[in-house]
Amino acid sequence: MKISKKQAIGLFRKHFLRLVFASVALAMLSLLLGTSVKTIIFAIILILLGAFSTFYFNYVAAPINFELVKLGTILMAYTHGIAAGLIVGILGTVLGKVMIGRIDEKLPISVIAISLVAIGAGLFPGANIMFLGIALTGLYNIALFSVTMATGGDLHWNIPYEGTDFAINFVLFTRIAPFLVPLLQ
(Lines of atoms letter the chains of each structure in order from A; the text may use other names.)
(Lines give C-alpha, C1' and ligand atoms only; values in the text may rest on other atoms or scores of the structure.)
Protein backbone atom coordinates (compact mmCIF):
# COMPACT_ATOMS: atom_id res chain seq x y z
CA MET A 270 0.00 0.00 0.00
CA LYS A 271 1.50 3.27 -1.11
CA ILE A 272 0.92 6.39 0.96
CA SER A 273 1.04 9.92 -0.29
CA LYS A 274 3.43 12.58 0.91
CA LYS A 275 0.52 14.28 2.68
CA GLN A 276 -0.39 11.05 4.50
CA ALA A 277 3.24 10.53 5.51
CA ILE A 278 3.45 14.04 6.93
CA GLY A 279 0.18 13.44 8.76
CA LEU A 280 1.53 10.24 10.31
CA PHE A 281 4.73 12.01 11.32
CA ARG A 282 2.77 14.84 12.97
CA LYS A 283 0.45 12.39 14.71
CA HIS A 284 3.33 10.38 16.18
CA PHE A 285 5.92 13.15 16.57
CA LEU A 286 5.75 13.25 20.38
CA ARG A 287 6.06 9.47 20.59
CA LEU A 288 9.12 9.59 18.34
CA VAL A 289 10.68 12.32 20.48
CA PHE A 290 9.91 10.37 23.67
CA ALA A 291 11.36 7.15 22.22
CA SER A 292 14.49 8.99 21.06
CA VAL A 293 15.02 10.62 24.46
CA ALA A 294 14.40 7.29 26.23
CA LEU A 295 16.96 5.56 24.00
CA ALA A 296 19.52 8.29 24.60
CA MET A 297 18.98 8.17 28.37
CA LEU A 298 19.15 4.38 28.43
CA SER A 299 22.35 4.56 26.43
CA LEU A 300 23.89 7.00 28.91
CA LEU A 301 22.64 5.01 31.91
CA LEU A 302 24.07 1.73 30.63
CA GLY A 303 27.20 3.29 29.17
CA THR A 304 26.63 1.81 25.74
CA SER A 305 25.81 3.13 22.30
CA VAL A 306 22.31 3.85 21.05
CA LYS A 307 23.08 1.43 18.19
CA THR A 308 23.67 -1.38 20.70
CA ILE A 309 20.40 -0.66 22.50
CA ILE A 310 18.47 -0.55 19.22
CA PHE A 311 19.99 -3.89 18.15
CA ALA A 312 19.21 -5.40 21.56
CA ILE A 313 15.58 -4.30 21.30
CA ILE A 314 15.34 -5.67 17.76
CA LEU A 315 16.85 -9.02 18.82
CA ILE A 316 14.51 -9.27 21.83
CA LEU A 317 11.46 -8.55 19.68
CA LEU A 318 12.57 -10.93 16.90
CA GLY A 319 13.16 -13.65 19.46
CA ALA A 320 9.82 -13.12 21.18
CA PHE A 321 7.78 -12.84 17.98
CA SER A 322 9.53 -15.83 16.38
CA THR A 323 7.65 -18.12 18.76
CA PHE A 324 4.25 -16.67 17.89
CA TYR A 325 3.54 -19.42 15.36
CA PHE A 326 2.95 -21.80 18.31
CA ASN A 327 -0.51 -20.24 18.55
CA TYR A 328 -1.37 -21.60 15.10
CA VAL A 329 0.80 -24.69 14.51
CA ALA A 330 0.52 -27.81 16.65
CA ALA A 331 3.50 -29.71 15.26
CA PRO A 332 6.83 -30.69 16.85
CA ILE A 333 8.73 -27.98 15.00
CA ASN A 334 10.80 -25.50 16.96
CA PHE A 335 11.70 -22.35 15.06
CA GLU A 336 12.86 -19.53 17.28
CA LEU A 337 15.41 -16.75 17.12
CA VAL A 338 16.06 -16.33 20.86
CA LYS A 339 19.28 -18.38 20.86
CA LEU A 340 20.62 -16.56 17.81
CA GLY A 341 19.98 -13.15 19.39
CA THR A 342 21.31 -14.22 22.79
CA ILE A 343 24.52 -15.69 21.41
CA LEU A 344 25.16 -12.78 19.04
CA MET A 345 24.62 -10.16 21.74
CA ALA A 346 26.72 -11.98 24.37
CA TYR A 347 29.44 -12.64 21.80
CA THR A 348 29.64 -9.00 20.69
CA HIS A 349 28.69 -7.08 23.86
CA GLY A 350 29.28 -9.38 26.81
CA ILE A 351 27.42 -11.66 29.15
CA ALA A 352 25.10 -9.00 30.65
CA ALA A 353 23.83 -7.94 27.22
CA GLY A 354 23.32 -11.58 26.24
CA LEU A 355 21.42 -12.27 29.46
CA ILE A 356 19.12 -9.31 28.84
CA VAL A 357 18.34 -10.36 25.27
CA GLY A 358 17.98 -14.05 26.14
CA ILE A 359 15.84 -13.71 29.25
CA LEU A 360 13.58 -10.97 27.88
CA GLY A 361 13.19 -12.73 24.52
CA THR A 362 12.33 -16.01 26.26
CA VAL A 363 9.87 -14.53 28.77
CA LEU A 364 8.15 -12.23 26.26
CA GLY A 365 7.86 -15.10 23.79
CA LYS A 366 6.27 -17.35 26.42
CA VAL A 367 3.87 -14.58 27.46
CA MET A 368 2.86 -13.96 23.84
CA ILE A 369 2.01 -17.61 23.24
CA GLY A 370 0.40 -18.05 26.64
CA ARG A 371 2.81 -20.72 27.85
CA ILE A 372 3.79 -19.53 31.27
CA ASP A 373 4.30 -22.96 32.79
CA GLU A 374 6.72 -25.04 34.87
CA LYS A 375 9.19 -25.14 31.95
CA LEU A 376 9.73 -21.35 31.89
CA PRO A 377 12.34 -21.32 34.70
CA ILE A 378 14.17 -24.17 32.96
CA SER A 379 14.18 -22.23 29.68
CA VAL A 380 15.41 -19.08 31.44
CA ILE A 381 18.22 -20.97 33.18
CA ALA A 382 19.22 -22.70 29.93
CA ILE A 383 19.26 -19.49 27.85
CA SER A 384 21.21 -17.79 30.66
CA LEU A 385 23.86 -20.52 30.47
CA VAL A 386 23.98 -20.05 26.69
CA ALA A 387 24.55 -16.29 27.18
CA ILE A 388 27.32 -16.96 29.70
CA GLY A 389 28.94 -19.48 27.35
CA ALA A 390 28.85 -17.07 24.41
CA GLY A 391 30.18 -14.21 26.52
CA LEU A 392 33.11 -16.29 27.78
CA PHE A 393 34.40 -16.99 24.27
CA PRO A 394 34.26 -13.70 22.32
CA GLY A 395 37.28 -14.70 20.24
CA ALA A 396 35.82 -17.99 19.06
CA ASN A 397 34.44 -18.58 15.59
CA ILE A 398 30.76 -17.56 15.78
CA MET A 399 29.66 -20.48 13.60
CA PHE A 400 31.25 -23.12 15.82
CA LEU A 401 30.33 -21.35 19.05
CA GLY A 402 26.70 -20.92 18.01
CA ILE A 403 26.36 -24.52 16.83
CA ALA A 404 28.03 -25.89 19.99
CA LEU A 405 25.92 -23.80 22.38
CA THR A 406 22.71 -24.59 20.49
CA GLY A 407 23.55 -28.29 20.57
CA LEU A 408 24.25 -28.20 24.31
CA TYR A 409 20.99 -26.29 24.88
CA ASN A 410 19.01 -28.83 22.85
CA ILE A 411 20.61 -31.81 24.60
CA ALA A 412 19.99 -30.27 28.03
CA LEU A 413 16.36 -29.41 27.35
CA PHE A 414 15.73 -32.78 25.71
CA SER A 415 17.17 -34.52 28.78
CA VAL A 416 15.16 -32.43 31.25
CA THR A 417 11.96 -32.87 29.24
CA MET A 418 12.42 -36.63 29.01
CA ALA A 419 13.28 -36.89 32.71
CA THR A 420 10.04 -35.08 33.55
CA GLY A 421 7.83 -37.37 31.48
CA GLY A 422 8.11 -35.85 28.01
CA ASP A 423 7.04 -37.58 24.81
CA LEU A 424 10.00 -39.01 22.87
CA HIS A 425 8.11 -38.82 19.54
CA TRP A 426 7.50 -35.10 20.10
CA ASN A 427 10.85 -34.13 21.61
CA ILE A 428 13.17 -35.65 19.00
CA PRO A 429 11.74 -33.68 16.06
CA TYR A 430 11.16 -30.61 18.26
CA GLU A 431 14.76 -30.33 19.44
CA GLY A 432 16.07 -31.68 16.12
CA THR A 433 14.37 -28.97 14.05
CA ASP A 434 15.57 -26.31 16.48
CA PHE A 435 19.15 -27.52 16.09
CA ALA A 436 18.85 -27.77 12.29
CA ILE A 437 17.39 -24.28 11.96
CA ASN A 438 20.01 -22.78 14.27
CA PHE A 439 22.73 -24.66 12.38
CA VAL A 440 21.63 -22.85 9.21
CA LEU A 441 21.34 -19.52 11.05
CA PHE A 442 24.85 -19.79 12.51
CA THR A 443 26.51 -21.02 9.32
CA ARG A 444 24.75 -18.70 6.87
CA ILE A 445 23.53 -15.59 8.71
CA ALA A 446 25.45 -15.07 11.98
CA PRO A 447 28.83 -14.37 10.32
CA PHE A 448 27.23 -11.42 8.50
CA LEU A 449 25.42 -10.11 11.59
CA VAL A 450 28.46 -10.03 13.90
CA PRO A 451 30.13 -7.05 12.14
CA LEU A 452 26.84 -5.12 12.25
CA LEU A 453 26.55 -5.63 16.00
CA GLN A 454 30.15 -4.69 16.84
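Take 270 as the starting number for the sequence shown in my numbering and just add one per residue. For each residue, glycine too, the CB sits at the ideal point set by N, CA and C.
- Between the region 423–440 and the region 327–338, the count of C-beta pairs closer than 8 Å reaches three or more; the two stretches touch.
- When DSSP assignments are scanned along the region 295–321, no uninterrupted stretch of beta strand (DSSP E) that is 3 or more residues long falls wholly within it.
- Judged by DSSP in its simplified three-state form, K274 adopts helix.
- In its own chain, leaving out the 5 sequence neighbours on each side, no residue places its CB closer than 6 Å to the CB of V363.
- Here I351 has A387, I388 and G391 as same chain residues with Cβ atoms under 7 Å from its own Cβ, once five neighbours each way along the sequence are excluded.
- A distance of 9 Å or more separates the beta carbons of F448 and M399.
- Residues of the same chain with a CB within less than 8 Å of the CB of I369, apart from the 5 flanking positions on each side, are T323, F324, F326 and N327 in chain order.
- In this structure, L298 lies near I309, with their beta-carbon atoms less than 9 Å apart.
- By the criterion of at least three beta-carbon pairs nearer than 8 Å, the region 403–411 is in contact with the region 339–346.
- The DSSP-derived three-state label of T420 is coil.
- In the three-state reduction of the DSSP assignment, L401 falls in the helix class, which pools H, G and I.
- If you check the CB distance, V329 and G361 do not come in under 9 Å.
- In this structure, E374 is the residue among K307, E374, A312 and R287 with its C-alpha nearest to the C-alpha of T420.
- The straight-line gap separating the alpha-carbon atoms of G303 and I278 is approximately 34 Å.
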